[in-house]
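Below is one structure, written out as structure tokens; comments come after it.
Residue numbers (the numbering used here): 11 to 725.
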């Protein structure tokens, strides 16, 4: 950068304009984000990180300790709203601050350039330029990806915030790199990079570009011992923040993924041993075609945010991309070295994320969260482009202030207005309670003191959240089946629930490993309380039932989870009700499936094969206990996962209606069908499997009873 200019001195004399602009942007963003934010938890990471923040727990590796601690502080503030909504508003604030940092970064860069502006109307020119920065930042703030993560508490919007903060710190260092105290901003820059390790690590991809920036900005930095000292010190301090994981885990919180309470397990935790280790550096082989699948996936996300080619909006939909490219061109013309650095950072964040995260074919989630840093960098160019555009117009029409002001506002405000009008309804999650319904309905299915086995994130973290944060159904033990493969989870299971029927010592638990196995049938006695299980006297019980367990690793080994599951079932001896969520995969149910009875969103393990439907329990759950909030409200958008999981409700209703029809009670079957269609309109849940639609159409027709009514759909 080339010293301070007339523009910078003008800026320094009119800081209130900049600050008021930033305040307005924050208030506008927080208002709109807050109006559209989830009021309860939602799927995937939101439920887990909300649980971690509420209980000061340890989220899954690599963890996000920074946002956990910030969230833990926020939930202590009495705001008169739910804990989940507090945390989601924190995400909204983080997204708003990201937009503000983009403004501040663009402003700082612009005001360090040698720009010739007409002597008169300099103040108006600068004000219009700041307004341009703000409008560019708002166009970014209300893009699809940013807005979606601004409405729910996850690490990903904080990744974007850290990207913006890192870019701002880099610009500040660049602007002061020739003065003696430039090491201060170098320290801040490296501190932020180190702290990002406790957010989600994605910004580590920027490190090569930042090192190049330091050399290009001032090559003497490489030779300066002081610069090395402060840079390394800042980075180490930032990294050391992650060490707080150890004492937090040592408290044995409810959520304690990996139990990193000592140095060995801490290393396993931060190196992602649970997911294969080696810091998940798995660039080759590619899990999908780099050129025909992975790059197009990135371009699809980029276009969804900055290039709207729909005929309804015409040219306005591509304004963000146009102004971003214009900003890049002006950046290049005004300071080529700085533009080269920003281009390197953009390539590191975009191509780097494509290479590192190595998206496989047909992955079940969008990868957009990992592309956020590159979107933030492009937003910096959008803001610059808008600012340069405003400045150019003010120079061309320097004698007509009013015309310039109105024309600039009209042209530029179209961008954020288009983003808001296009995305508001799609991003409005204020009445989305589908995950909330599912978690509470799942717990409502269970009798007292039950053990519920679950499959993954969506059916595990939601009930855990309600148990620990909202204190619902704490008598139930929710056990994630895949996590039974990890000794730390089995150990915690016994610690949390002393009544868990599993007689393993700590030493035995940590010696668990896959077992050499061949096809084997293991038997357990069926001595039980028939009435408690709802088994009619007319049904005879065998003396024992056999589980045919086959190897599931390379045809000769048995997974730990299967062995531990059998130990729990056999040692339980029918004392506690054992259930499996309907979302548990067929592979995880392969030897228990013949003995399961559907009771709604969960299936109960029974001491008889192909147990008959208990339609009193099923009816009570489906038609009295469960909530289907939002499914029959056509003004509420249903996300794809909520739509797919709703198919499980249909399967349960079909089983209930079929059981009623089989007993000749067709009027009850029709009431069940009518209630189902009222609560779950089929037109709201398309596309639906054809077999499911057929069963719905044939339900309650005496001449065409549907075979296999117990079909269960999973995710």
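Beta carbons: idealized from backbone N, C-alpha and C, even for Gly.
Of the residues the options, the one placed nearest residue i, counting alpha carbons only
| i | options | result |
| --- | --- | --- |
| residue 476 | 87, 67, 94 | 94 |
| residue 610 | 629, 517, 619, 595 | 629 |
| residue 107 | 572, 43, 502 | 43 |
| residue 462 | 442, 484, 444, 441 | 484 |
| residue 701 | 301, 318, 660, 356 | 660 |
| residue 440 | 33, 399, 35, 51 | 51 |
| residue 523 | 550, 529, 574 | 574 |
| residue 269 | 495, 392, 559, 499 | 499 |
| residue 86 | 104, 293, 75, 64 | 64 |
| residue 588 | 449, 423, 96, 510 | 510 |
| residue 358 | 710, 161, 215 | 215 |
| residue 693 | 672, 706, 325 | 706 |
| residue 350 | 370, 315, 81, 225 | 225 |
| residue 512 | 489, 676, 403, 274 | 489 |
| residue 331 | 346, 390, 298, 283 | 390 |
Secondary structure of residue i, DSSP reduced to three states
| i | result |
| --- | --- |
| residue 487 | strand |
| residue 129 | Legend: pLDDT at residue 129 = 40, less than 50; position of this residue unreliable, no value from coordinates given. |
| residue 177 | helix |
| residue 379 | helix |
| residue 567 | strand |
| residue 582 | helix |
| residue 263 | coil |
| residue 387 | helix |
| residue 189 | coil |
| residue 687 | helix |
| residue 646 | coil |
| residue 87 | coil |
| residue 226 | helix |
| residue 68 | strand |
| residue 124 | Because residue 124 sits at a pLDDT of 46, beneath the cut-off of 50, its placement in the model cannot be relied upon, and the following sentence gives the value as read from the coordinates. Residue state, collapsed to three classes: coil. |
| residue 538 | coil |
| residue 138 | helix |
| residue 146 | helix |
| residue 469 | helix |
| residue 481 | coil |
| residue 716 | Note that residue 716 scores 48 on pLDDT, short of 50, meaning its location in the model is unreliable; the coordinates nonetheless yield the value given after this. Correct three-state label for residue 716: coil. |
| residue 546 | coil |
| residue 15 | Only weak support exists for where residue 15 lies, its pLDDT of 48 falling under 50; the coordinates are left without a value. |
| residue 372 | coil |
| residue 81 | helix |
| residue 724 | Because residue 724 carries a pLDDT of 36, less than 50, the predicted location of this residue cannot be relied on, and the following value inherits that uncertainty. Of the three classes helix, strand and coil, the one that applies to residue 724 here is coil, per DSSP. |
| residue 209 | coil |
| residue 56 | helix |
| residue 601 | coil |
For residue i: DSSP bridge partner residues
| i | result |
| --- | --- |
| residue 111 | BP columns for residue 111 are empty, so no partner. |
| residue 558 | 531 |
| residue 214 | Per DSSP, none; premise fails for residue 214. |
| residue 464 | 490 |
| residue 589 | 462, 614 |
| residue 99 | According to DSSP, residue 99 bridges with nothing at all. |
| residue 606 | 615 |
| residue 525 | 568 |
First and last residue of the uninterrupted alpha helix (DSSP H) at residue i
| i | result |
| --- | --- |
| residue 655 | 650–672 |
| residue 48 | Neither: residue 48 is in no alpha helix (DSSP H) and is coded neither H nor E. |
| residue 194 | 193–205 |
| residue 155 | 154–160 |
| residue 628 | 625–630 |
| residue 499 | 497–506 |
| residue 362 | 346–367 |
| residue 705 | 700–708 |
| residue 246 | 235–250 |
| residue 519 | 516–519 |
Identify every run of the alpha helix (DSSP H) within the segment 269–328, keeping only runs that are complete inside it and at least 4 residues long; order them along the chain. 273–280, 305–316
Unbroken stretches of the alpha helix (DSSP H), 4 residues or longer, contained in the segment 409–449: 411–437
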